[in-house]
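Enquirer: Input: one structure, supplied below.
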Amino acid sequence: MPSLSRYAGIYAALIRYSLIHEMQFKVNFLLWIVVEALWFGLQLAFMTVLYGHTDQIAGWSRWEVVLLVGCNQFIQQLFHTLFVTNLSNLSELIRKGTLDLLLLQPVNTRFLISVKKFEIGNIINALMGLVVIVYSLAQLGRVPTLAQWLGFAVVCLAGLSVHYSLMFLLACISFWTVRAQGIVWGYYNLFNIARLPAEAFPRGAYRAVFTWVLPMLLVSNVPAKLLAQRLASPWEWLALLGMAVACFVVSELFWRFSLRHYTSASA
Amino acid sequence: MTPVTHNPLPTTPSTHLWSKYGHVLSMGIQNTLVYRTNFLFRAAFGLVPLAATLFLWEAIYADKPAGAAIGAYTLAQMVSYYLLVTVVDSITAVAEDDWQIAADIKDGAVSQFLLKPLDFLAYRLCLYLSGRVIYTSVALIPVAFFLFFQREYLVGPAESLGWVLALLSVLMAGLLQFFIAYTVALLSFWVLDVSTFIFIQFAFEFLASGHLFPLDILPDGLHRLLLWSPYPYLLYFPVGVYLGRMQGFALQLAWVGVAFLIARFVWSRGLRKYTAVGG
Numbered sequence: 004m005p006s007l008s009r010y011a012g013i014y015a016a017l018i019r020y021s022l023i024h025e026m027q028f029k030v031n032f033l034l035w036i037v038v039e040a041l042w043f044g045l046q047l048a049f050m051t052v053l054y055g056h057t058d059q060i061a062g063w064s065r066w067e068v069v070l071l072v073g074c075n076q077f078i079q080q081l082f083h084t085l086f087v088t089n090l091s092n093l094s095e096l097i098r099k100g101t102l103d104l105l106l107l108q109p110v111n112t113r114f115l116i117s118v119k120k121f122e123i124g125n126i127i128n129a130l131m132g133l134v135v136i137v138y139s140l141a142q143l144g145r146v147p148t149l150a151q152w153l154g155f156a157v158v159c160l161a162g163l164s165v166h167y168s169l170m171f172l173l174a175c176i177s178f179w180t181v182r183a184q185g186i187v188w189g190y191y192n193l194f195n196i197a198r199l200p201a202e203a204f205p206r207g208a209y210r211a212v213f214t215w216v217l218p219m220l221l222v223s224n225v226p227a228k229l230l231a232q233r234l235a236s237p238w239e240w241l242a243l244l245g246m247a248v249a250c251f252v253v254s255e256l257f258w259r260f261s262l263r264h265y266t267s268a269s270a
Numbered sequence: 029m030t031p032v033t034h035n036p037l038p039t040t041p042s043t044h045l046w047s048k049y050g051h052v053l054s055m056g057i058q059n060t061l062v063y064r065t066n067f068l069f070r071a072a073f074g075l076v077p078l079a080a081t082l083f084l085w086e087a088i089y090a091d092k093p094a095g096a097a098i099g100a101y102t103l104a105q106m107v108s109y110y111l112l113v114t115v116v117d118s119i120t121a122v123a124e125d126d127w128q129i130a131a132d133i134k135d136g137a138v139s140q141f142l143l144k145p146l147d148f149l150a151y152r153l154c155l156y157l158s159g160r161v162i163y164t165s166v167a168l169i170p171v172a173f174f175l176f177f178q179r180e181y182l183v184g185p186a187e188s189l190g191w192v193l194a195l196l197s198v199l200m201a202g203l204l205q206f207f208i209a210y211t212v213a214l215l216s217f218w219v220l221d222v223s224t225f226i227f228i229q230f231a232f233e234f235l236a237s238g239h240l241f242p243l244d245i246l247p248d249g250l251h252r253l254l255l256w257s258p259y260p261y262l263l264y265f266p267v268g269v270y271l272g273r274m275q276g277f278a279l280q281l282a283w284v285g286v287a288f289l290i291a292r293f294v295w296s297r298g299l300r301k302y303t304a305v306g307g
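This is the structure in structure tokens:
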């Protein structure tokens, strides 16, 4: 497929450009890694404090929860690497009218908006998540098979896709409201709950919404359960895959609808 | 954003001061009113992780015998703690102030304060106060709604004077919060991008202020060590005053004073580095 290789070429160029840009501010680059590592440490500290007062939360042992926090970090940091900066930027593109320029490029506009900047530093933080995953698996005495690692990669991709589609959907609201930083901030709050064990939530509206509408309680829980070998049934990972597809379709429909409402701000 | 540019009438120094900063206050209120929808979203979204934390604690208590305590907290007291933290936080948290101060320095807007009889710290404090007034009134809607659903858990102040003391403590917490944010933002005089410092500071604040969990469920030594830092006086202490668990305002007052002096000192050192970009 020539178009696929063309897009790969464009993406490679964008990554190269991001790297050059990043290396202009080396100290800042390192400081951002420190910031993300600190917040990761904070999550682990919170869980450590909780497990100082209990042996299990809703059937999850201490190292299983650490594994979950690690999985969540891994997915979230990959999401940061690829998309977060770009999606938070959409409201500015609209406010300043820079979007016009992107709409005129002979490339899919959604692709350009989504991957323009590649945050290489967050890969380091994703690796920290991976280290915690491996360490907690060792503590649990679980050795996943190759097939399970592959399955893990697939459900992580599905989780990544859920985050991407939902945040893209939220960012599209800025086609209507000019100041939309609050929306981005709102998404931070949403994905904060992804690192908690789904079983801790009583069956009710809250758990249903965050499983079947905004599937935050699937994105990190399913990968963690898969590695810890505690998936109750294949329905759990099928649910995540299904929701990933559904979220993407809805976000694409909303994007097309939003574009029709775009009135440029530039001259 | 243009600050007040005219003095209405020759008046006595005190009424003059009042009219000057009174103008700043009302201007701040008008400017932040623009953000009201943003604030509403922010306050409402903020309740999602709060509810999650409460569910998590309920799951932990569910495995223990009824009425059991963790640290010195029963389930109801634990829930109350988080609800009160949310209330204090919506009254005192800095919203955009630190980013705006950093931007004032970066794009040279600070220059006009060197030429006008207007103190930058007092000016920003007025804007912070007006921002807080608007944010608190907007956040009141979703927060009150949430509190209503959790009302069985919400305990009243420990003593009759509790309201007054807690309010006093919240006011001081607000001042402390502002001085800390102001000082971190002033680092813009030296570094290109201050946001990393804002986030690093905030990470420590999030843990040590008691935002994440009440500090006295930590091992005793660590808990007492943290009480010597300024952070507990932002949330943990005012909430503790309300619950009748904390007393003695001396340390809180001392930290407000120290933070003010540091803010002044950093400002004066920063001005020596200032190059007035954009004039």
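From first to last, the protein sequence lines stand for chains D and H. For any residue, its number in the numbering used here is found by taking its place in the first sequence, counting from 1, and adding 3. For any residue, its number in the numbering used here is found by taking its place in the second sequence, counting from 1, and adding 28. All C-beta atoms, glycine included, are put in the ideal place defined by N, C-alpha and C.
Under a CB-based cut-off of 7 Å, is A87 of chain H close to chain D?
Expert: Yes, contact with chain D.
Enquirer: Does the region 259 to 276 of chain H touch the region 191 to 199 of chain H, meaning 3 or more C-beta pairs lie closer than 8 Å?
Expert: Segments in contact, yes.
Enquirer: Hey, could you find the ends of the alpha helix (DSSP H) C74 of chain D is sitting in?
Expert: Start and end: R65 to F82.
Enquirer: Taking the alpha-carbon of L75 of chain H as reference, which of D:L193, D:F77, D:P226 and D:A129 has the nearest alpha-carbon?
Expert: Of the candidates D:L193, D:F77, D:P226 and D:A129, the one whose C-alpha sits nearest the C-alpha of L75 of chain H is D:L193.
Enquirer: Quick check: is the beta carbon of A270 of chain D nearer than 7 Å to any beta carbon in chain H?
Expert: Any answer about A270 of chain D is weak, because its pLDDT of 48 lies below 50 and its placement is not dependable; what the coordinates show is given next. Closer than 7 Å: no.
Enquirer: Quick one: which chain H residues come within Cβ less than 8 Å of A16 of chain D?
Expert: Residues of chain H passing the Cβ test: none, with the nearest at roughly 25 Å.
Enquirer: Is it buried or exposed for T81 of chain H, if we count other Cβ within 10 angstroms and need 16 for buried?
Expert: T81 of chain H is buried by the Cβ-count criterion.
Enquirer: Looking at the C-beta of N192 of chain D, does it have a partner C-beta in chain H at a distance below 7 Å?
Expert: Closer than 7 Å: yes.
Enquirer: Which value, in whole angstroms, describes the spacing of the CA atoms of Y10 of chain D and L250 of chain H?
Expert: Those two C-alpha atoms are separated by around 54 Å.
Enquirer: Interface residues of chain D around V76 of chain H at Cβ under 7 Å?
Expert: Those are N192, L193 and I196, listed as they occur along chain D.
Enquirer: Check this for me: beta carbons of S108 of chain H and L189 of chain H, under 7 Å apart or not?
Expert: No. Outside cutoff.
Enquirer: Quick one: is R70 of chain H near chain D, going by C-beta distance under 7 Å?
Expert: Yes, R70 of chain H lies at the interface with chain D (some Cβ there is under 7 Å from its Cβ).
Enquirer: Closer than 7 Å, CB to CB, is M29 of chain H near chain D or not?
Expert: Any reading at M29 of chain H must be qualified, since the residue scores a pLDDT of 41, below 50, and its modelled position is unreliable; the value itself is stated next. M29 of chain H does not count as touching chain D.
Enquirer: On the three-state DSSP scale, how would you describe Q128 of chain H?
Expert: DSSP places Q128 of chain H in helix when its eight states are reduced to three.
Enquirer: Using a Cβ-Cβ cutoff of less than 7 Å, which residues in the same chain neighbour K161 of chain D once the five nearest sequence positions on both sides are dropped?
Expert: Per the sequence presented here, residue 161 of chain D reads as Ala, with Lys not at that position. The residues are L243, L244 and A247.
Enquirer: How far does the alpha helix (DSSP H) with Y309 of chain H in it extend, from its first residue to its last?
Expert: The question about residue 309 of chain H has no answer here: the residues shown for chain H are numbered 29 through 307.
Enquirer: Which of the three DSSP states, helix, strand or coil, is assigned to L289 of chain H?
Expert: L289 of chain H: helix per DSSP, three-state reduction.
Enquirer: Residues of chain D with CB under 9 Å from L84 of chain H, in chain order?
Expert: The contacting residues are L53, I60, A61, L199, P200, A203 and F204.
Enquirer: Under 8 Å between beta-carbons, which chain C residues line up against I129 of chain H? List them in chain order, please.
Expert: In summary, chain C is missing from the structure at hand, where the protein chains are D and H.
Enquirer: For V115 of chain H, tell me which candidate among H:E124, H:A96, H:S139 and H:I169 has the shortest Cα-Cα distance.
Expert: Among H:E124, H:A96, H:S139 and H:I169, the Cα nearest to that of V115 of chain H belongs to H:I169.
Enquirer: Classify I123 of chain D as helix, strand or coil using the three-state DSSP reduction.
Expert: In the structure shown, I123 of chain D sits in coil (DSSP, three-state: anything other than H, G, I, E or B).
Enquirer: Taking only three categories from DSSP, how would you classify Q108 of chain D?
Expert: DSSP places Q108 of chain D in coil when its eight states are reduced to three.
Enquirer: Give the residues of chain D in contact with I98 of chain H, contact being defined as C-beta atoms less than 7 Å apart.
Expert: By Cβ distance, chain D contributes H56.
Enquirer: Ignore the nearest five residues each way along the sequence and tell me which others in E67 of chain D's own chain have a CB closer than 6 Å to its CB.
Expert: Closer than 6 Å at Cβ, skipping near neighbours: A231.
Enquirer: What are the residues that DSSP puts in a beta bridge with Q59 of chain D?
Expert: According to DSSP, which records beta bridges pairwise, Q59 of chain D is partnered with D:S64.
Enquirer: Roughly how many whole angstroms lie between the Cα atoms of R147 of chain H and F86 of chain D?
Expert: According to the sequence displayed, residue 147 of chain H carries Asp and not Arg. One C-alpha to the other measures close to 41 Å.
Enquirer: Whole-angstrom Cβ separation of I119 of chain H and T164 of chain H, contact assumed at under 8 Å?
Expert: That pair is a contact at about 5 Å.
Enquirer: Would you verify that the beta carbon of F49 of chain D is, or is not, closer than 7 Å to some beta carbon of chain H?
Expert: Yes, F49 of chain D lies at the interface with chain H (some Cβ there is under 7 Å from its Cβ).
Enquirer: Could you pull the start and end residues of the alpha helix (DSSP H) that E180 of chain H belongs to?
Expert: Looking at the DSSP string, E180 of chain H is not in any alpha helix (DSSP H), and its letter there is neither H nor E.
Enquirer: Note down the Cα distance separating F141 of chain H from A211 of chain D, rounded to an integer number of angstroms.
Expert: The alpha-carbon atoms of F141 of chain H and A211 of chain D are separated by roughly 53 Å.
Enquirer: Would you list the one or two residues that DSSP bridges to I98 of chain H?
Expert: H:Y101.
Enquirer: Let me make sure I understand the geometry here. Which of D:F260, D:Q151 and D:V137 has the alpha-carbon closest to that of F178 of chain D?
Expert: Closest option to F178 of chain D, Cα to Cα, is D:F260.
Enquirer: Please classify M26 of chain D: is it buried, with 16 or more other beta-carbons within 10 angstroms of its beta-carbon, or exposed?
Expert: M26 of chain D comes out exposed.
Enquirer: Out of H:L255, H:K134, H:I88 and H:P260, which has the shortest C-alpha to C-alpha gap to V222 of chain H?
Expert: Answer by Cα proximity: H:K134.
Enquirer: According to the neighbour-count rule (16 or more other Cβ atoms, all chains shown, within 10 Å of its Cβ), is D15 of chain H buried or exposed?
Expert: For residue 15 of chain H there is no data in the structure shown, the boundaries of chain H being 29 and 307.
Enquirer: Just to confirm the assignment, what range does the alpha helix (DSSP H) spanning I375 of chain H have?
Expert: Outside the shown range of chain H, which is 29 to 307, sits residue 375 of chain H, and nothing can be said about it.
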